[in-house]
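Trainee: So that we are looking at the same thing, I have put the structure below in structure tokens.
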Amino acid sequence: MATIQEHSIQWHEGEIAMQRLLNGPHYNRPNPTSTGLSQAHAYRIAVSPLAAFGALDRKGRPWTTVLGGSPQFAQAVAPGVLGVQSIVDLDYDPVVDALFGGDEDNGGAKGNGELQRPGPEYGPIMAGLSINLITRDRVKLAGRMIAGAVSMRPDGPVGEEGAHLGRIGKMQLSLLVQEALGNCPKYLNQKRIMVHKPRPQLVYDSDKSPGPLPRAGFELIEGADLFFLSSTDGKTMDTNHRGGSPGFLRVADEGGQSPNHTALTLVYPEFSGNRLYQTLGNLKVNPLVGVVIPDFETGNVVYLTGRTKILVGPEARAYLPHTKLAVRIEVERTIFVTDGLPFRGETIDFSPYNPPVQPLLCKALVADEHGTVEKQEPIAMAIISGRQVLSPSIARFTFILKATSKINATQLQWQAGQYITLDFGTELDLGWSHMRDDDPQSLNDDFVRTFTISSPPPSPPSPHTTGPLKKSPPVVSIELTLRRHGPVTKLLWRRDLRVPLETPVLAFGGDRNFHITSPRHVTEKAESQEAIFIASGIGITPILAQAPRLLSCQGLGAGVQLRVLWSLRTSDLSVAADSFDRISGLAKRTTVFATDASVSGEPKAAFKGLEEMGAVVVTGRRIQKVDIIPSHGGDQKMVRRRLYICTGPKMLADIQRWLPNEDMVWENFGF
Numbered sequence: 063m064a065t066i067q068e069h070s071i072q073w074h075e076g077e078i079a080m081q082r083l084l085n086g087p088h089y090n091r092p093n094p095t096s097t098g099l100s101q102a103h104a105y106r107i108a109v110s111p112l113a114a115f116g117a118l119d120r121k122g123r124p125w126t127t128v129l130g131g132s133p134q135f136a137q138a139v140a141p142g143v144l145g146v147q148s149i150v151d152l153d154y155d156p157v158v159d160a161l162f163g164g165d166e167d168n169g170g171a172k173g174n175g176e177l178q179r180p181g182p183e184y185g186p187i188m189a190g191l192s193i194n195l196i197t198r199d200r201v202k203l204a205g206r207m208i209a210g211a212v213s214m215r216p217d218g219p220v221g222e223e224g225a226h227l228g229r230i231g232k233m234q235l236s237l238l239v240q241e242a243l244g245n246c247p248k249y250l251n252q253k254r255i256m257v258h259k260p261r262p263q264l265v266y267d268s269d270k271s272p273g274p275l276p277r278a279g280f281e282l283i284e285g286a287d288l289f290f291l292s293s294t295d296g297k298t299m300d301t302n303h304r305g306g307s308p309g310f311l312r313v314a315d316e317g318g319q320s321p322n323h324t325a326l327t328l329v330y331p332e333f334s335g336n337r338l339y340q341t342l343g344n345l346k347v348n349p350l351v352g353v354v355i356p357d358f359e360t361g362n363v364v365y366l367t368g369r370t371k372i373l374v375g376p377e378a379r380a381y382l383p384h385t386k387l388a389v390r391i392e393v394e395r396t397i398f399v400t401d402g403l404p405f406r407g408e409t410i411d412f413s414p415y416n417p418p419v420q421p422l423l424c425k426a427l428v429a430d431e432h433g434t435v436e437k438q439e440p441i442a443m444a445i446i447s448g449r450q451v452l453s454p455s456i457a458r459f460t461f462i463l464k465a466t467s468k469i470n471a472t473q474l475q476w477q478a479g480q481y482i483t484l485d486f487g488t489e490l491d492l493g494w495s496h497m498r499d500d501d502p503q504s505l506n507d508d509f510v511r512t513f514t515i516s517s518p519p520p521s522p523p524s525p526h527t528t529g530p531l532k533k534s535p536p537v538v539s540i541e542l543t544l545r546r547h548g549p550v551t552k553l554l555w556r557r558d559l560r561v562p563l564e565t566p567v568l569a570f571g572g573d574r575n576f577h578i579t580s581p582r583h584v585t586e587k588a589e590s591q592e593a594i595f596i597a598s599g600i601g602i603t604p605i606l607a608q609a610p611r612l613l614s615c616q617g618l619g620a621g622v623q624l625r626v627l628w629s630l631r632t633s634d635l636s637v638a639a640d641s642f643d644r645i646s647g648l649a650k651r652t653t654v655f656a657t658d659a660s661v662s663g664e665p666k667a668a669f670k671g672l673e674e675m676g677a678v679v680v681t682g683r684r685i686q687k688v689d690i691i692p693s694h695g696g697d698q699k700m701v702r703r704r705l706y707i708c709t710g711p712k713m714l715a716d717i718q719r720w721l722p723n724e725d726m727v728w729e730n731f732g733f
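Remember, the working numbering sits 62 above the position in the sequence shown when you count from 1.
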């Protein structure tokens, strides 16, 4: 947070820099942070059962802890002064250590109850965040510790064999509040908080423990839906929270390959907020950060301190797709303590503002201190030219591709089964809003989508082409078969095609291993080869693009069979009929599984129609192991197979469990 000048809070250089970088308008407006501790803020703090606090250690590194357990543990005790009383972990909590001194510095006096009174001029700078996870309310604080004491409790834990665990104590602290700011409820998951007496036990300290963080520590980090972080510009501090769906905080590097095996790297997305950029402003001028990651169910906790890098635009997307802003933390010290928190928490509900958790991409794509990542520019414009509704929820859309000035139409090439990346932000992005209760997911949506192309790619132009065709390359068009789900497909579904819709094409891509070819390395024992494509719903699109080639005389080749297993809702059987009608020979190689089928009325007629086209129809069940590899007698090694899987995660997991030794590839939807 910023500094006090002439009874008002001024923006500091880091906040101004971030607001300018990210088009925030606030640096031209008064800072909404208030001076002192108002009655309204004091009340909100008093009814909150938790508060996170940040402080600097003797090396100037920020750390964060979270304390409390019940309302009233923190409340105003004098004008502008907040009093805090809480059970604390005496031995392993780095904030307690920073404020009251480590045992190695004071001869083991920490916890003797001695009162420290540094006063308002010389007290250590601190920051806090009171938080009520039931009402999703929070208040940020910054100031100085003016008095405090911590005394060991006599009822501390004792190990089973008499070996003392970490000590617990009672902390009393007075914080002179110089700055305060109420914050919005976004990304706060509702939790019921209960008091708990901790039994802290140190599991890992990277300064003292050999090797990397234990697996339990990684699991805590990767399962977190909330953490607290503290930062400083050197004059004052800021403590805040970051929340989301479980797993939004990602481990980018476990540090196992580093010389000392402790160099942990984390990355998290910065979701849309109030655009004050108080945390990021501090990190802009001072990259140090202190983080506490609590496990509310067990009381286990990870403390860490490290250096950050703010990732904007393509640098953020290189780690986390569809992410405009992110922070990478190069951890310098990690402390992992079990049962170290004075509270427990029970999750009640998740925030409607939480964006989906994005897959972690290859960190090598991110520019380091010596390089940059180029901005992704469109390679073409896609103009919608047709729409054919195939079922109540699935339609086929035709787009004409118009190359940008940087390339020509002959360079718009892709491989059958690959995807196209389109940017619908111009049509759908409403710009920044602080809150958007009518559509909370849209706040962090970049409206960039990847869709598998369901039509074959155009034939490459002949190098011998001359005359008018040489000067005017053929029109390139694509087909996308899409299910109506989410804002982009709803836009395409309802769009009046008489009004042109142009959307930038950012890329073509996809795993080339998903390009169906003859199984390789056929042994003398293998009498036949088989490619098996397993799909659910519109997961069929990669085969729709490849089937015309595969079923041609130049396709799979002699002795190679293609089988398609396709799971569909009965309401989407018309999609199968359309596909079989358009692609000659596909029906005879396909088994359709109508999982929600009845055998009367219209579905029965649809089944008969598919069977007349040559398909096998199975009703009332899912795809099973026996459908993939029939359990008949004989030497199963006589068939060389490769499985291509484009299903939901549960079906994929089932197939991997059923057939662990089969050669298989699957579509990766994490692009």
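Yeah, the Cβ is synthetic: ideal placement off N, Cα and C, and Gly gets one too.
Owing to the predicted nature of the structure, the values given are computational and were not obtained by experimental measurement.
Of all the alpha helix (DSSP H) runs that stay within the bounds of the stretch 308-367, which reach a length of 4 or more residues?
Mentor: Counting whole runs of 4 or more residues, the stretch 308-367 contains the alpha helix (DSSP H) stretches 340-347.
Trainee: Given this structure, state the Cα-to-Cα distance separating ASP573 from ARG611, to the nearest angstrom.
Mentor: Near 18 Å, if we compare the C-alpha coordinates of ARG611 and ASP573.
Trainee: In the DSSP assignment, the alpha helix (DSSP H) including LYS552 goes from what residue to what residue?
Mentor: Taken as a continuous stretch (DSSP letters only), the alpha helix (DSSP H) holding LYS552 covers 549-556.
Trainee: Buried or exposed for ASP155, please, with buried defined as at least 16 other CB atoms from any protein chain shown within 10 angstroms of its CB.
Mentor: ASP155 is buried by the Cβ-count criterion.
Trainee: When you compare the stretch 68-80 with the stretch 253-264, are there three or more beta-carbon pairs, one atom per stretch, that lie closer than 8 Å?
Mentor: Result no; under three Cβ-Cβ pairs closer than 8 Å.
Trainee: Classify THR301 as helix, strand or coil using the three-state DSSP reduction.
Mentor: Correct three-state label for THR301: strand.
Trainee: Between PRO418, ALA597, LEU624, ILE397, which has its C-alpha nearest GLN591's C-alpha?
Mentor: Of the candidates PRO418, ALA597, LEU624, ILE397, the one whose C-alpha sits nearest the C-alpha of GLN591 is LEU624.
Trainee: Can you list, in chain order, the residues of its chain whose CB lies under 8 Å from that of HIS432, leaving out five sequence neighbours each side?
Mentor: Its pLDDT being 37, under 50, HIS432 is placed unreliably by the model, and the measurement read from it follows with that caveat. Closer than 8 Å at the Cβ level, and outside the excluded window around HIS432, lies no residue.
Trainee: Keeping to the same chain, check which residues put their C-beta closer than 6 Å to that of SER96; ignore five residues upstream and five downstream.
Mentor: ALA242, listed in sequence order.
Trainee: Find the nearest neighbour of ILE445 within the set THR294, LEU235, PRO562, judged by alpha-carbon distance.
Mentor: Comparing Cα positions, the closest option is PRO562.
Trainee: Please list the terminal residues of the continuous beta strand (DSSP E) segment that includes MET713.
Mentor: No beta strand (DSSP E) holds MET713; the alpha helix (DSSP H) holding it covers 711-720.
Trainee: To the nearest angstrom, how far is it from the Cα of ILE540 to the Cα of VAL364?
Mentor: If I take the Cα positions, the gap works out to 50 Å.
Trainee: Determine whether the beta carbon atoms of ILE482 and THR466 lie at a separation below 8 Å.
Mentor: No.
Trainee: Under 8 Å by Cβ, that's how I've got GLN137 and ALA160 pegged, so tell me the actual separation to the nearest angstrom.
Mentor: Not confirmed; about 23 Å, so no contact.
Trainee: What are the residues that DSSP puts in a beta bridge with PHE398?
Mentor: Paired residue(s): TYR266, VAL364.
Trainee: Decide if PRO356 is buried, meaning its Cβ has at least 16 other Cβ atoms within 10 Å, or exposed.
Mentor: PRO356 should be labelled buried.
Trainee: Would you mind reading off the limits of the alpha helix (DSSP H) that contains PRO610?
Mentor: Element bounds for PRO610: 603-612.
Trainee: In chain order, what are the residue ranges of uninterrupted beta strand (DSSP E) at least 3 long that sit wholly in the stretch 79-147?
Mentor: With a minimum length of 3 residues, the continuous beta strand (DSSP E) runs that stay inside the stretch 79-147 are 112-118, 124-130, 136-140.
Trainee: In the DSSP assignment, the beta strand (DSSP E) including LEU544 goes from what residue to what residue?
Mentor: Note, LEU544: beta strand (DSSP E), 538-545.
Trainee: Thinking just about the alpha-carbon of each residue, which of GLU281, THR197, ASP269, LEU238 is nearest to the one in LEU250?
Mentor: For LEU250, the nearest C-alpha among the options comes from THR197.
Trainee: Pull up the distance between the alpha-carbon of VAL567 and that of ARG511, whole angstroms please.
Mentor: So the alpha carbons of these two residues sit roughly 10 Å apart.
Trainee: So, for THR327: in the same chain, excluding its five sequence neighbours on each side, which residues have a beta-carbon less than 6 Å away from its beta-carbon?
Mentor: Within the same chain, THR327 has close Cβ partners ALA314, ASP315, GLU392.
Trainee: What's the gap between the Cα of LEU235 and the Cα of SER271?
Mentor: Approximately 31 Å between the Cα atoms of the pair.
Trainee: Using 10 angstroms around the beta-carbon of GLN134, count the other beta-carbons present and answer buried if the total reaches 16, otherwise exposed.
Mentor: By the 10 Å Cβ count, GLN134 comes out exposed.
Trainee: Excluding five sequence neighbours on each side, which residues of the same chain lie with their C-beta closer than 6 Å to the C-beta of ARG582?
Mentor: Unreliable placement is indicated for ARG582, whose pLDDT of 49 sits below 50; no coordinate value is reported for it.
Trainee: Just curious, the beta strand (DSSP E) that PHE576 is in, first and last residue?
Mentor: Note, PHE576: premise wrong, no beta strand (DSSP E); not H, not E.
Trainee: Between the C-alpha atoms of ILE602 and PHE509, what's the straight-line distance to the nearest angstrom?
Mentor: Each residue's Cα considered, the two are about 24 Å apart.
Trainee: Taking the C-alpha atoms as reference points, what is the distance between PHE736 and THR632?
Mentor: One cannot answer for residue 736 here, as it falls past the ends of the chain, which runs 63 to 733.
Trainee: Buried or exposed for LEU427, please, with buried defined as at least 16 other CB atoms from any protein chain shown within 10 angstroms of its CB.
Mentor: Low per-residue confidence applies at LEU427: pLDDT is 43, beneath 50, and the placement is therefore not dependable, though the value from the model is reported in the following sentence. Flag for LEU427 reads exposed.
Trainee: Going by CA-CA distance only, name the one from GLU489, LYS712, PHE486, THR341 that's closest to GLU75.
Mentor: Closest option to GLU75, Cα to Cα, is THR341.
Trainee: Sort out for me which residues DSSP pairs PRO566 with in a bridge.
Mentor: The partner list for PRO566 (beta bridge, DSSP) reads MET443.
Trainee: How long is the line joining the alpha carbons of MET256 and GLN420, rounded to whole angstroms?
Mentor: When rounded, the distance between both Cα atoms is 32 Å.
Trainee: Nearest to ASP643 by alpha carbon, out of VAL143, SER268, PRO349, ALA677?
Mentor: Ranking the options by Cα distance to ASP643, first place goes to ALA677.
Trainee: Kindly list the residues whose CB is nearer than 8 Å to the CB of SER307, restricted to its own chain and excluding five residues on each side of it in sequence; keep chain order.
Mentor: For SER307, where only same-chain residues beyond five positions count, the Cβ hits under 8 Å are ASP287, PHE412, ASN416, PRO417, PRO418, VAL419.
Trainee: For MET188, tell me which candidate among PRO124, GLY231, ASN174, LEU195 has the shortest Cα-Cα distance.
Mentor: Checked all of PRO124, GLY231, ASN174, LEU195; the closest Cα to MET188 is PRO124.
Trainee: Looking at the structure shown, is ILE600 part of a helix, part of a strand, or coil, going by DSSP?
Mentor: ILE600 falls in the helix class under three-state DSSP.
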